[in-house]
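Numbering (the numbering used here), first residue to last: 106 to 209.
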Ligand SMILES: [Zn+2]
């Protein structure tokens with residue numbers, strides 16, 4: 106289990122979700138990445154993990170319209186395309202942060 110972020114901020118103008126971790130690492134996750142990596146059952150095949158959603162179909166003016174903590178382990182993100190079933194665990198956010206950072 107990852108420790109929860111100490112802060113999550115939506116930077117709407119930049120389309121970036123800024124996540125601050127207890128170890129002071131700050132990840133800036135692009136909305137497009139988050140939306141395309143949505144882990145819910147309609148965007149991703151539950152068994153194979155294969156992506157069902159076509160990233161090209163994501164609207165360019167993507168905005169976050171809601172953000173809700175799910176217990177102490179995840180955050181649920183709601184988008185202006187009407188999609189809100191994606192639960193992003195801290196592990197997932199952390200992994201996406203690694204990914205957007207690229208190889209160290
Ligand atoms: Zn989804």
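Using N, Cα and C, we set each Cβ at its ideal position, and we do this for glycine too.
Test item: CB-CB of residue i and residue j under 7 Å
i: residue 123; j: residue 114; result: yes
i: residue 163; j: residue 188; result: no
i: residue 202; j: residue 132; result: yes
Alpha-carbon spacing of residue i relative to residue j, whole angstroms
i: residue 109; j: residue 165; result: 29 Å
i: residue 271; j: residue 135; result: A question about residue 271 goes unanswered here, because the residues of the chain that appear run from 106 up to 209.
i: residue 150; j: residue 193; result: 16 Å
i: residue 144; j: residue 127; result: 24 Å
i: residue 184; j: residue 167; result: 7 Å
i: residue 67; j: residue 141; result: Limits of the chain in this structure are 106 at one end and 209 at the other, which puts residue 67 out of reach.
i: residue 181; j: residue 190; result: 7 Å
i: residue 205; j: residue 152; result: 25 Å
i: residue 112; j: residue 174; result: 12 Å
i: residue 117; j: residue 139; result: 14 Å
First through last residue of the alpha helix (DSSP H) which encompasses residue i
i: residue 200; result: 195–206
i: residue 167; result: Looking at the DSSP string, residue 167 is not in any alpha helix (DSSP H), and its letter there is neither H nor E.
i: residue 140; result: 136–141
Residue i: first and last residue of the uninterrupted beta strand (DSSP E) it sits in
i: residue 114; result: 112–116
Beta carbon proximity, residue i to chain C, threshold 7 Å
i: residue 193; result: As a matter of chain content, chain C is missing from the structure shown, which is built from one protein chain.
Paired residues, beta bridge with residue i - DSSP
i: residue 125; result: 112, 131
i: residue 180; result: 174, 193
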